[in-house]
Amino acid sequence: MAAGTTGEGTVAGARTHRVAHHFDNAEQQFESGKLGMWIFLATEILLFGGLFCAYAVYRSNHPEVFIYAHRFLDKTLGAINTAVLICSSFTMALAVRAAQLGRRRQLVGLLGATVALAACFLGIKGLEYEKKWKEGLLWGAHFHAKLAPAPPALPQTLPPVPAAAGEERSLIPPAAIGPAGLARPGQPAVAEGPEGPPHDVQVFFAVYFLMTGLHGVHVIIGMALLSWMMVRAGRGEFSPGYLTPVDLTGLYWHLVDLIWIFLFPLLYLIR
Amino acid sequence: MRETAHAEAAAAGQTAAVGHVVPLRVLVAVWGTLLALTGLTVAAAGVDLGSYNLGVAMLIATAKATLVLLFFMHLRYDRPILAIVFVTALLFVALFVSIALLDSNAYAHQLIPGYGPALPK
Chain S
1 MAAGTTGEGT VAGARTHRVA HHFDNAEQQF ESGKLGMWIF LATEILLFGG LFCAYAVYRS
61 NHPEVFIYAH RFLDKTLGAI NTAVLICSSF TMALAVRAAQ LGRRRQLVGL LGATVALAAC
121 FLGIKGLEYE KKWKEGLLWG AHFHAKLAPA PPALPQTLPP VPAAAGEERS LIPPAAIGPA
181 GLARPGQPAV AEGPEGPPHD VQVFFAVYFL MTGLHGVHVI IGMALLSWMM VRAGRGEFSP
241 GYLTPVDLTG LYWHLVDLIW IFLFPLLYLI R
Chain R
1001 MRETAHAEAA AAGQTAAVGH VVPLRVLVAV WGTLLALTGL TVAAAGVDLG SYNLGVAMLI
1061 ATAKATLVLL FFMHLRYDRP ILAIVFVTAL LFVALFVSIA LLDSNAYAHQ LIPGYGPALP
1121 K
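Structure representation (structure tokens):
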């Protein structure tokens, strides 16, 4: 890296970026870009907020489904993925630092490491999805898993339902007709306890696939953005005075990590 | 001189680094703490704390999120307006989730004798 008297921001061959005429200086331009990005991140929080709300309502109404179904998720892979994403956030934070210090090669390398970790995350997620797909642990009508050989030795068939269970407290309503995923009409109530798998386990998998799926889409978008930043950094478009695209991509990437930090305990670590 | 952030930024003259350069030591410490907290939350899920399990898991997740926000996302060093924007969104999500839960819990019992999230027939 050639550090001339003009500073590292203007390395030979680098395209220097000018401050737009309506900004006083580079700092103000940078700060304005960041404000816009944070407003976008706020809308992202609201987008995921809807899904967290659906999760909260379903879980508060059907705790037994969540407690039962979360055992089908691989806690170890989930924890590894959390660590992978945290490491990618770390390399991203280092990348922004490298951009601020004008270290071009380091910046490209760290962005590359972040993309690689993101790909690792998606790979592990893909393994998990593949397993769910094979076992039929899917959403709504696609759910066709045989729940009998469930982890803590559950019996093959449901226990006989008492004919007149009028006053008996049940977890599942006798006839809850609702949108896809709720109980089918006329379904008998199931007594609480470990006698059999609860009804409508597919509700959990609908929530699981929707939340992790939307998160996965964000990871893919993040990878595309990071790769684009790598190309631009390689061309020397960034300097200590101009790194807005790198910083904003970083903010986006940290948000993806942030959402996973909540998804992991909520989906994998239910007790 | 090469090694210190501000010396380099100063050497860059008019193109001084925009934003706050977070010290390497801080970033490494945050990274280590995040990994340790991930281990802690997995360990905590293995202990039966009854209804407190969810609270503990959410507390740890919030601590991790706060670290990411403050140091990786620079909120600790940025102007407060950015944090205000973000916290406002969080408040609205909290409002959304809590009112939806209140509503669903309040009506479930009336609509179906017993229990359940149900729509009227």
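If you're matching them up, the sequences are chains S and R in order.
Per the numbering used here, numbering of the first sequence is gapless, rising by one per residue and ending at 271.
Per the numbering used here, numbering of the second sequence is gapless, rising by one per residue and ending at 1121.
Built from N, CA and C at the ideal position, the CB exists for glycine as well.
When C-alpha distances from Thr-1038(R) are compared across Ala-83(S), Leu-77(S), Ala-20(S), the shortest belongs to Ala-83(S).
When DSSP states are grouped into helix, strand and coil, Ser-239(S) belongs to the strand group. The beta carbon of Thr-82(S) sits closer than 8 Å to some beta carbon of chain R. Neighbours of Arg-1025(R) across chain S, judged by C-beta separation under 7 Å, do not exist; the nearest C-beta is about 12 Å away. The beta carbon of Arg-1076(R) does not come within 8 Å of any beta carbon belonging to chain S, so the residue lies off that interface.
When rounded, the separation of the alpha-carbon atoms in Phe-72(S) and Ala-233(S) is 42 Å. Arg-103(S) has its alpha-carbon roughly 45 Å from the corresponding atom of His-70(S).
DSSP places Ser-32(S) in the helix class (H, G or I) of the three-state scheme.
Using a Cβ-Cβ cut-off of 8 Å, Leu-1040(R) does not count as an interface residue toward chain S, since no Cβ of chain S sits closer than that to its own. With the rule of 3 Cβ pairs closer than 8 Å, the segment 78-97 of chain S does not count as touching the segment 1046-1063 of chain R. Between Gly-1019(R) and chain S, the shortest Cβ-Cβ separation is below 8 Å. Taking all protein chains in view, the Cβ of Val-217(S) is surrounded by fewer than 16 other Cβ atoms within 10 Å, so the residue is classified as exposed. Closer than 8 Å to the CB of Leu-110(S) there is not a single CB belonging to chain R. Against chain S, the CB of Ala-1106(R) has no partner CB under 8 Å away; the residue lies outside that interface. Within the segment 257-268 of chain S, Asp-257, Leu-258, Ile-261, Phe-262, Pro-265 place their CB atoms closer than 7 Å to a CB of chain R, listed in sequence order. Distances from the CA of Phe-264(S) to each of Ile-86(S), Tyr-242(S), Gly-136(S) were compared; the closest alpha carbon is that of Ile-86(S).
Following the DSSP letters along the chain, one finds Asn-25(S) in no alpha helix (DSSP H), marked with neither H nor E.
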